[in-house]
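**Student:**
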């Protein structure tokens with residue numbers, strides 16, 4: 003039996019409200035509504051076999067017990083993950099602050115100015131540290147950023163290279179093994195030939211299009227790539243460099259010795275290791291690549307009043323527009339983690355970061371000196387933070403390992419028996435002495451006691467940084483905690499999040515992220531674990547993930563789950579690669595066609611192309627449903643090459659299509675597999691599941707259905723669940739045994755973004771079977787309640803056979819343009835004056851608004867939203883009736899800022915009160931948009947992606 007207390011906290015409508023809502027819908031019970039909405043032939047015959055829901059206190063004790071099973075050792079493994087100190091002012095005011103973690107991707111820029119500035123700071127930091135022209139607002143992790151660099155090299159080939167079929171990318175074998183594995187995964191289906199080897203063995207010819215290196219490399223060595231970079235450029239090849247951001251405070255920036263693309267991980271800028279993620283990767287490039295940079299770019303523009311205003315530039319939702327012609331399937335970033343890393347740079351500034359880097363390096367130099375004196379041979383001539391030792395003949399690596407574990411330390415052990423240490427900013431004098439003690443005892447020698455921090459450097463002069471970085475004012479102003487917290491709060495006040503009002507985005511599911519679910523995120527027992535430590539140090543994580551996999555398998559009806567994909571789009575890609583490998587295992591190399599409905603999310607065709615597949619679009623009928631006969635014809639036409647059918651259920655149009663079982667049967671009849679996009683899984687949980695409808699694999703958006711917050715655009719998590727016959731193909735990992743032995747890795751960490759998995763774990767454990775089902779029912783009730791209230795004014799574009807919508811609906815807005823000149827964008831901007839984030843704009847149907855209320859919103863909040871939309875409808879009607887000017891009206895001038903409303907001049911025929919307080923309840927808690935309507939075209943024509951003052955581009 004579900005715990006009523008947590009269910010009542012999570013679900014918005016009270017029981018008396020539910021009765022009133024059902025009455026408005028003309029049904030007698032929730033069950034009657036569900037029967038009218040969800041086709042009977044796909045309903046589950048039995049309830050979910052999950053534990054009863056826990057109280058919040060019971061869950062807190064359960065997750066605390068799991069945390070205690072994780073052992074937080076001092077870890078010097080490195081390999082792209084380092085312990086770090088998250089400044090408490092950032093931990094408390096950003097990571098633990100729902101204003102920052104419940105905000106949505108900044109598609110509505112006017113009410114996203116705070117997080118946009120924070121991300122602009124991050125971009126500026128990356129450009130400064132790497133000496134590159136522009137950077138994006140983060141990618142998913144370092145390994146997938148490497149893959150994006152490789153694909154960008156492919157897509158930027160010259161005409162001569164394309165004509166010659168050039169497709170070879172040379173890769174230094176001294177890159178992280180997880181990076182090499184992901185590069186392999188991505189390269190094969192795209193026909194990219196990777197040549198992995200030693201730098202000195204590389205030669206350039208007309209087939210070579212790129213070179214990829216790591217700086218410092220995976221052994222910790224700092225080597226010069228200037229000469230080989232010049233060789234690559236002479237042959238028309240691009241050079242992509244993976245780098246350690248902290249090292250660039252001391253080392254010559256890659257942009258200064260010729261790199262074309264620079265990428266890496268910003269984790270050590272104040273973001274906990276978290277057993278592998280989430281962390282914000284960075285990606286920077288020269289200006290010549292600005293039109294092909296993957297992911298999101300934050301740009302500077304101006305608003306209608308001429309004020310500086312920020313927005314997403316160029317790449318905004320490009321995969322939705324280009325679909326199968328997209329060059330990337332990136333749909334999210336790691337915005338929350340990028341924000342933290344950017345604030346870390348703001349708080350420390352250039353001086354502080356250089357001091358941290360110098361301290362790390364000097365400790366490494368001291369350990370090099372002391373351990374070498376004990377008879378060990380240090381292998382790296384030049385290094386930043388990593389030293390690597392060959393052992394004396396009488397010392398066994400087992401002795402080093404045993405002694406280090408006794409002192410609760412983890413070292414890195416190379417295949418050839420050498421031992422490595424990567425120093426981080428947390429390393430102190432006690433740690434230094436314990437490390438020396440291990441090596442001394444293993445060699446049976448006496449050892450000194452170090453009593454003060456070292457001051458000696460060991461960097462090659464030609465690769466020592468001389469250029470300044472982080473010189474912008476924002477990186478110089480906020481040194482005291484008082485100033486820093488005020489800056490964070492200033493930005494916070496410029497945003498709308500779930501702390502202000504409902505965010506009714508269709509397809510995006512902005513539901514409650516319960517505080518109890520979020521608590522473990524800042525515990526060191528979850529944050530302080532390196533992903534490559536022995537599993538017996540992460541027993542709490544392993545137990546939690548095993549339970550979570552079982553629960554998600556039960557919810558989906560499938561046999562097993564991989565937690566590795568770290569976004570929804572990554573889950574799509576992983577699922578398609580599993581299907582691809584399944585066909586190959588059966589000798590069906592020719593099966594490469596994917597059927598995708600015209601209504602599909604844009605990442606579906608983009609992911610299919612990245613998986614090396616040919617996209618064939620299946621039309622929808624006039625009711626918005628997949629045209630079943632057209633699907634049958636396409637499946638028959640491509641029966642010899644059919645690989646998969648990608649279908650979102652309920653559909654992106656917000657409907658439970660009654661023919662879903664028939665569609666899946668058609669695909670299976672012709673030898674294909676069914677991939678169900680799990681974007682709308684929150685309308686299925688407890689009522690139906692992917693296996694029941696006939697699918698073979700699905701991904702789950704944990705940041706939608708399962709309560710992980712959006713964080714201003716990320717973290718996202720996209721695990722894939724598969725049927726029994728696909729289990730053997732789930733993603734493996736080159737460093738850690740993650741329980742699967744299938745395709746090579748799809749992300750850097752063995753279990754993806756592990757540190758946010760406690761949120762979903764808590765969501766399932768506290769709701770239990772009954773609560774999860776009720777959450778689904780309430781999502782459907784809330785959606786139908788709004789649809790009923792707005793059907794006679796806006797109109798609902800698509801409904802099911804009984805006139806019901808699923809958990810979301812599409813509001814028809816296209817007719818307004820002809821009668822009043824008002825567009826869906828005008829309605830979206832005007833909603834800001836009412837204190838609401840807009841619904842999803844012009845997707846999946848241009849000129850419409852897609853609304854999803856979620857189960858977490860109360861009837862009172864739904865009524866406020868309905869009242870706001872009806873008031874806007876009346877404002878539109880006033881234009882139609884000639885009572886309001888067609889150009890100078892509240893919608894065309896929206897949003898209205900406090901400055902504009904309080905200005906001495908007011909050049910509008912409507913009142914200031916109409917502009918700012920159109921409904922009485924706004925006076926109780928008014929949100930003021932910080933800028934007026936933004937000039938998007940100006941921002942793209944005058945692209946500025948760093949913290950430049952406005953006068954530099956006016």
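In my numbering, the protein residues as written are 3 to 956.
A virtual CB, placed ideally from N, CA and C, is assigned to each residue, including glycine.
As the structure is a computational prediction, the values presented were derived from the model and not from experiment.
1) Indicate the three-state DSSP secondary structure (helix, strand or coil) for residue 200 in the structure shown.
2) What is the DSSP secondary structure of residue 956, counted as helix, strand or coil?
3) Pick out the complete beta strand (DSSP E) segments inside the region 729–791, 3 residues or longer, and give them in chain order.
4) Using DSSP bridges, identify the partner residues of residue 246.
5) Could you spell out the range, first to last residue, of the alpha helix (DSSP H) harbouring residue 545?
6) How should residue 259 be labelled, buried or exposed, when 16 other C-beta atoms within 10 angstroms of its C-beta is the threshold for buried?
7) Residue 808 and residue 777 look like a contact to me (Cβ under 8 Å); what is the Cβ gap, rounded to whole Å?
8) Do residue 381 and residue 420 have their CB atoms nearer than 8 Å?
9) When you compare the CB positions of residue 949 and residue 123, do they come within less than 8 Å of one another, or not?
10) Could you tell me the distance, in whole angstroms, from the CA atom of residue 522 to the CA atom of residue 599?
11) How far does the alpha helix (DSSP H) with residue 144 in it reach, from first residue to last?
12) Among the candidates 45, 768, 677, whose CA atom is the shortest distance from the CA of residue 63?
13) To the nearest angstrom, how far is it from the Cα of residue 297 to the Cα of residue 139?
14) Tell me whether the beta-carbon of residue 270 lies closer than 8 Å to the beta-carbon of residue 415.
15) Report all residues from its chain with a CB closer than 6 Å to the CB of residue 318; omit the five preceding and five following residues, and keep chain order.
16) Starting from the Cα of residue 546, find the closest Cα among 574, 763, 917 and give me that residue.
17) Which runs of the alpha helix (DSSP H), 4 residues or longer, sit entirely within the region 466–504?
18) Write down every uninterrupted run of the alpha helix (DSSP H) in the region 154–186 whose length is 4 residues or greater and which is fully enclosed by it, in chain order.
19) What are the start and end residues of the alpha helix (DSSP H) that includes residue 562?
20) Please identify the residue among 128, 654, 740, 866 whose C-alpha is closest to the C-alpha of residue 847.
21) In its own chain, which residues sit with a C-beta less than 8 Å from the C-beta of residue 226, not counting the 5 before and 5 after it?
22) Count the other CB atoms, across all protein chains shown, that sit within 10 Å of the CB of residue 293; report buried if there are 16 or more and exposed otherwise.
23) What did DSSP end up calling residue 305 once you bin it into helix, strand or coil?
24) If you check the beta carbons only, do residue 679 and residue 649 fall under 8 Å apart?
25) Report the rounded CA-to-CA distance for residue 410 versus residue 828, giving the unit in angstroms.
26) Start and end of the beta strand (DSSP E) containing residue 279?
27) Check the DSSP bridge columns for residue 240 and list the partner residues they point to.
28) With DSSP as the reference, label residue 900 as helix, strand or coil.
29) In the structure shown, what three-state DSSP assignment does residue 255 receive?
30) Would you call the region 54–71 in contact with the region 302–310, where contact means no fewer than 3 C-beta pairs closer than 8 Å?
31) Does the region 481–497 come close enough to the region 808–823 to have 3 or more Cβ pairs within less than 8 Å?
32) Cα separation between residue 12 and residue 187?
33) Which partner residues of residue 617 appear in the DSSP bridge assignment?
34) DSSP three-state label for residue 318, please.
35) Residue 609: buried (16+ other C-beta within 10 angstroms of its C-beta) or exposed?
36) Along the chain, where does the beta strand (DSSP E) containing residue 288 start, and where does it finish?
**Tutor:** From the atom records:
1) Note: residue 200 maps to coil in three-state DSSP.
2) Low confidence applies to residue 956: its pLDDT is 38, below 50, so where it sits in the model is not reliable, and the reading given next is rough at best. Looking at residue 956 - three-state DSSP - the assignment turns out to be coil, as it is neither helix nor strand.
3) Listed in chain order, nothing qualifies, since the region 729–791 has no complete beta strand (DSSP E) run of 3 or more residues.
4) For residue 246, which the question treats as bridged, DSSP gives the partners 267.
5) Residue range 541–558 is occupied by the alpha helix (DSSP H) that includes residue 545.
6) Classification for residue 259: buried.
7) Between residue 808 and residue 777 a beta carbon distance of about 14 Å is seen, past the 8 Å cut, so the two are scored as non-contacting.
8) Inclusion of residue 381 and residue 420 in the CB contact set at 8 Å is warranted, their separation being smaller than that value.
9) In terms of Cβ geometry, residue 949 and residue 123 form a close pair [threshold 8 Å].
10) Approximately 40 Å, taken between the alpha carbons.
11) 144–157 is the span of the alpha helix (DSSP H), which, as asked, contains residue 144.
12) Here the closest residue by C-alpha is 768.
13) About 7 Å.
14) Against a cut-off of 8 Å, the Cβ pair of residue 415 and residue 270 comes out as no contact.
15) Any answer about residue 318 is weak, because its pLDDT of 48 lies below 50 and its placement is not dependable; what the coordinates show is given next. So no residue of the chain qualifies.
16) Here the closest residue by C-alpha is 763.
17) Within the region 466–504, the complete alpha helix (DSSP H) runs of at least 4 residues are 483–494.
18) Along the region 154–186, the alpha helix (DSSP H) occurs as fully enclosed runs of 4 or more residues at 161–165, listed in sequence order.
19) Counted as a single uninterrupted DSSP element, the stretch harbouring residue 562 is not any alpha helix (DSSP H) but the beta strand (DSSP E) occupying residues 562–564.
20) Nearest C-alpha to residue 847: 654.
21) Excluding residues within five positions, the ones whose Cβ falls inside 8 Å are 259, 462, 464, 465.
22) When all chains shown are included, residue 293 counts as exposed.
23) DSSP places residue 305 in strand when its eight states are reduced to three.
24) With respect to residue 649, residue 679 sits close: the two C-beta atoms are nearer than 8 Å.
25) It is roughly 60 Å from the alpha-carbon of residue 410 to the alpha-carbon of residue 828.
26) Note, residue 279: premise wrong, no beta strand (DSSP E); not H, not E.
27) Under DSSP, residue 240 shares a beta bridge with 212.
28) Residue 900: helix per DSSP, three-state reduction.
29) In this structure, residue 255 counts as coil in the three-state DSSP scheme.
30) Between the region 54–71 and the region 302–310 there are fewer than three C-beta pairs closer than 8 Å, too few to call the two in contact.
31) Taking one beta carbon from each stretch, the region 481–497 and the region 808–823 have fewer than 3 pairs nearer than 8 Å; the two do not touch.
32) Spanning the two alpha carbons is a distance of roughly 40 Å.
33) Answer by DSSP bridge pairing, in chain order: 596.
34) Note on residue 318: pLDDT 48, under 50, position unreliable in the model; the coordinate value appears next. Coil at residue 318, not helix or strand.
35) By the C-beta density criterion, residue 609 is buried, having at least 16 other C-beta atoms within 10 angstroms.
36) Unbroken run through residue 288: none, as it is neither H nor E.
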